[in-house]
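Visitor:
Numbering (mature numbering (1 follows the signal peptide of the UniProt record, and there is no 0)), first residue to last: -24 to -1, 1 to 127.
#1: Would the beta-carbon of residue 128 fall within 8 Å of that of residue 69?
#2: Taking 8 Å as the threshold, find out whether the region 71 to 82 comes into contact with the region 11 to 20 through three or more Cβ pairs.
#3: In the DSSP assignment, what residue or residues form a beta bridge with residue 92?
#4: Our contact map puts residue 67 next to residue 30 with C-beta atoms below 8 Å; I'd like the distance itself, whole angstroms only.
#5: Which residues does DSSP list as the beta-bridge partners of residue 69?
#6: Roughly how many angstroms separate the alpha carbons of residue 117 and residue 36, rounded to a whole number?
#7: Pick helix, strand or coil for residue -2, following the three-state DSSP scheme.
#8: Quick test of your reading: residue 91 and residue 17, contact by CB under 8 Å. State the CB separation rounded to the nearest angstrom.
#9: Alpha carbon to alpha carbon, how far is residue 115 from residue 32?
#10: Just the C-alpha distance for residue 20 and residue 43, rounded to the nearest angstrom, thanks.
#11: Exposed or buried, what is residue 46 when buried is set at 16 or more other beta-carbons lying within 10 Å of its beta-carbon?
#12: With H, G and I counted as helix, E and B as strand and the rest as coil, what does DSSP make of residue 48?
#13: Alpha helix (DSSP H) containing residue 86: first to last residue?
#14: CA-CA distance, residue 56 and residue 79?
#15: Select from 65, 62, 52, 86 the residue whose C-alpha is nearest the C-alpha of residue 34.
#16: For residue 52, count neighbouring Cβ atoms within 10 angstroms of its own Cβ and tell me buried if that reaches 16, exposed if not.
Structure representation (structure tokens):
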């Protein structure tokens, strides 16, 4: 339902550029054993209760290792030809990249918005002990013999 996707994509782009500049000035190559294995997803929700319910479900289903709920997000977007202004909460979800389709499906099926926002970006660099912890919490995607897609 939210067309603030463009705004968040712009923000993610700016963050990505800024991060690369910081790493280049620090002499960091960004090559880590977990580079791209995990992702951060951004989901907006209408209120804290909805966000908590979604977050608990994602963690319980092992689709996320951690979900931060950030209050006080003001979203301005166009919807059905009208400019909308909403107060929302932002969910910052840490997960395994191979599980993003399942994560997105879970959010879509449990979110009250007609069109919910689920935007993800891979983690290129991070605190290795944290990423190891995440590796132990969110299991690899399981593929069945009948599955048409394999990693």
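For glycine and all other residues, C-beta sits at the position ideal for the given N, C-alpha and C.
Since the structure is predicted, the reported quantities are computational estimates derived from the model, not experimental observations.
Guide: Concretely, from the data shown:
#1: The requested residue 128 does not occur in the structure, where the chain is confined to residues -24 to 127.
#2: yes
#3: None, per the DSSP bridge assignment.
#4: 7 Å
#5: 17, 43
#6: 15 Å
#7: Residue confidence is low: residue -2 scores 44 on pLDDT, short of 50, so the model does not pin down where it sits. No coordinate-derived value is stated.
#8: Rounded, the Cβ-Cβ distance is 16 Å, inconsistent with contact.
#9: Whole-angstrom Cα-Cα distance: 17 Å.
#10: 12 Å
#11: Result: exposed.
#12: strand
#13: 76 to 86
#14: 27 Å
#15: 86
#16: exposed
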